[in-house]
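**Student:** Note that numbering that gives the first Met the number 0 has the sequence shown beginning at 0, numbered continuously upward.
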Amino acid sequence: MGKSQTEITDVLPVCHSLPTKPFLEVALSLASEHTQESLVGWYTSNDSNLPDPVCYSAASAIQSSLVVVLQFENSSNPVFAIYNGSKQSQSIECEVAPKALTNSSKLFDFEDHLDGEVSTIAERDWLTNKNAVSAMT
Numbered sequence: 000m001g002k003s004q005t006e007i008t009d010v011l012p013v014c015h016s017l018p019t020k021p022f023l024e025v026a027l028s029l030a031s032e033h034t035q036e037s038l039v040g041w042y043t044s045n046d047s048n049l050p051d052p053v054c055y056s057a058a059s060a061i062q063s064s065l066v067v068v069l070q071f072e073n074s075s076n077p078v079f080a081i082y083n084g085s086k087q088s089q090s091i092e093c094e095v096a097p098k099a100l101t102n103s104s105k106l107f108d109f110e111d112h113l114d115g116e117v118s119t120i121a122e123r124d125w126l127t128n129k130n131a132v133s134a135m136t
């Protein structure tokens with residue numbers, strides 16, 4: 000039997016602090032509705048460059064064992080370290096993240112979307128992040 004492949008077509012930033020279970024449930028429900036595709040995993044970037052228990056909890060909430068960690072150490076470009084379960088299965092150099100990190104556009108997550116004035120909620124659209132995406136192209 001050959002290995003199956005999954006194509007990841009979009010990533011959605013959910014939070015920048017420790018999420019609660021209800022927060023994750025709402026965010027994942029909205030993300031699933033928005034993409035109309037299967038959610039295949041959880042990605043994170045943290046100080047340890049390793050997945051933490053929250054990552055695995057979030058991944059299990061979408062019936063996945065895939066966790067991707069965006070690592071910034073030991074590389075001119077960040078690396079996506081892909082974990083299937085608790086074992087790292089692959090590393091892929093990331094060419095898009097440096098563009099996203101060096102442009103002046105703010106990348107909003109679901110937590111940002113909920114913060115602030117209702118009148119500016121469209122500017123904090125975490126599902127499309129139009130300003131950040133246009134700055135990367």
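Glycine included, each C-beta is placed from N, C-alpha and C at the ideal position.
Work out the CA separation of residue 43 and residue 15 for me, nearest whole Å.
**Tutor:** Cα-Cα distance, rounded: 9 Å.
**Student:** Could you spell out the range, first to last residue, of the alpha helix (DSSP H) harbouring residue 22?
**Tutor:** Segment 20-34, the alpha helix (DSSP H) holding residue 22.
**Student:** Just how far apart, CA to CA, sit residue 124 and residue 109?
**Tutor:** Looking at the two C-alpha atoms, the distance is approximately 8 Å.
**Student:** Might you give, ordered along the chain, the residues of its own chain that have their beta carbon closer than 6 Å to the beta carbon of residue 50, omitting 5 neighbours on each side?
**Tutor:** Closer than 6 Å at the Cβ level, and outside the excluded window around residue 50, lie 66, 68 and 82.
**Student:** Which same chain residues end up closer than 8 Å to residue 118 when comparing Cβ atoms and leaving out the 5 residues on each side of it in sequence?
**Tutor:** So no residue of the chain qualifies.
**Student:** Let me check understanding here. Comparing Cα to Cα, which of 45, 62 and 54 lies closest to residue 31?
**Tutor:** Minimum Cα distance to residue 31 is reached at 62.
**Student:** Which whole runs of the alpha helix (DSSP H) in the region 43-89 are 4 residues long or more, in chain order?
**Tutor:** Whole alpha helix (DSSP H) segments, 4+ residues: 52-60.
**Student:** Measuring CA to CA, which of 27, 92 and 12 is closest to residue 60?
**Tutor:** It is 27 whose Cα lies nearest to the Cα of residue 60.
**Student:** By how many angstroms is the C-alpha of residue 52 removed from the C-alpha of residue 126?
**Tutor:** Answer to the nearest angstrom: the Cα atoms are 25 Å apart.
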